[in-house]
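S.K.: At position 134 of the sequence shown (counting the first as 1) the number is 134 in UniProt numbering, and the numbers step up by one without a gap. Glycine included, C-beta positions come from ideal geometry on N, C-alpha and C. First the structure, then my questions, so here it is.
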Amino acid sequence: MKLVILDRDGTINADSDEYIKTPEEWQPLPGALEAIARLNHAGWHVAVASNQSGLGRGLFDVASLNAIHAKMHKALSAYGGRIDAIFYCPHSPDEGCQCRKPLPGLFEQIGERFGVDLHTTHVVGDTPRDLQAGASVGCQPHLVLTGKAAGLGEQPLPEGYPAGTRVHRDLAAFVDWLIARAPAPRPGQVQPPSADAPA
Ligand SMILES: [Mg+2]
Ligand SMILES: [Zn+2]
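Following this line, the structure appears as structure tokens:
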């Protein structure tokens with residue numbers, strides 16, 4: 001199974017230091033929803049792993065979070081895209097849970113739910129803790145230069161990113177890279193030999 005695990009705030013939608021508390025505050029980043037739809041059409045499933053400590057802090061409730069996610073699903077479906085599942089950590093930092101990124105709890109839940117070897121998956125996020133959480137259980141890490149990483153240049157990365165982190169301008173650029181790397185064969189299409197295949 002081809003699976004990409006996305007951070008939400010700063011990766012799919014604009015981040016806010018004031019938290020995303022209402023559907024109105026949830027605004028997709030340019031090109032992000034189209035990018036998810038392109039992933040789907042190339043055969044990739046998409047899951048979201050998101051810290052939502054605003055719940056634990058009492059800034060919004062689960063009904064509001066569900067309404068935000070309903071908006072996200074609906075907006076995405078207009079592009080023919082689909083997020084299969086959203087896993088979130090509802091805890092505040094002082095609750096000592098195992099699911100708040102950079103801890104890997106959400107990723108372990110995703111691996112179990114999808115029955116997928118996480119070493120075949122990709123994690124995309126805008127902060128080191130997104131990538132640490134995924135990489136610690138084998139996901140291939142990708143940083144997008146949106147959200148909290150919007151001010152970062154391409155190279156060199158500051159400390160704290162897992163080894164092998166690839167950097168992409170935004171989610172659309174990540175999808176370009178992933179699809180170019182592993183084109184999906186169309187039904188009935190014979191795969192041409194790759195350029196470096198032995199003659
Ligand atoms: Mg983020
Ligand atoms: Zn948690």
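In terms of alpha-carbon separation, which member of Ile12, Phe87, Ala150 and Asn66 lies closest to lysine 101?
M.R.: Taking the first residue of the sequence shown as position 1, residue 101 is located at position 101. Comparing Cα-Cα distances from lysine 101 to each of Ile12, Phe87, Ala150 and Asn66, the minimum goes to Phe87.
S.K.: Taking only the alpha-carbon atoms, compute the straight-line gap between alanine 42 and threonine 121 and give it to the nearest angstrom.
M.R.: Along the sequence shown, read from residue 1 onward, the residue named residue 42 stands at position 42. Along the sequence shown, read from residue 1 onward, the residue named residue 121 stands at position 121. For alanine 42 and threonine 121, the distance between alpha carbons rounds to 15 Å.
S.K.: Listed by chain order, which residues have C-beta atoms less than 7 Å from any heavy atom of ligand 1?
M.R.: Result (chain order): Asp7, Arg8, Asp9, Gly10, Thr11, Asp15, Gly125, Asp126, Thr127, Asp130, Gly147 and Lys148.
S.K.: Taking the alpha carbon of glycine 54 as the reference point, which residue from Gln27, Val48, Leu65 and Trp44 has its own alpha carbon closest?
M.R.: On the sequence shown, position 54 is the one that residue 54 refers to. If we check each option's Cα against that of glycine 54, Leu65 comes out closest.
S.K.: So, do the region 3-16 and the region 147-157 have three or more beta carbon pairs nearer to each other than 8 Å?
M.R.: Contact holds: three or more Cβ-Cβ distances are below 8 Å.
S.K.: Is DSSP giving histidine 142 helix, strand or coil here?
M.R.: Within the sequence shown, the letter at position 142 stands for residue 142. In the structure shown, histidine 142 sits in a strand (DSSP, three-state: E or B).
S.K.: Could you tell me the boundaries of the alpha helix (DSSP H) in which alanine 133 lies?
M.R.: Locating residue 133 in the sequence shown gives position 133, counting from the first residue. Unbroken alpha helix (DSSP H) run through alanine 133: 128-135.
S.K.: Note down the Cα distance separating leucine 6 from cysteine 89, rounded to an integer number of angstroms.
M.R.: Within the sequence shown, residue 6 is the residue found at index 6, counting from 1. Within the sequence shown, residue 89 is the residue found at index 89, counting from 1. In a straight line, the C-alpha of leucine 6 is about 14 Å away from that of cysteine 89.
S.K.: Note down the Cα distance separating glycine 138 from aspartate 117, rounded to an integer number of angstroms.
M.R.: In the sequence shown, the residue the question calls residue 138 occupies position 138. In the sequence shown, the residue the question calls residue 117 occupies position 117. Between glycine 138 and aspartate 117, the C-alpha separation is close to 8 Å.
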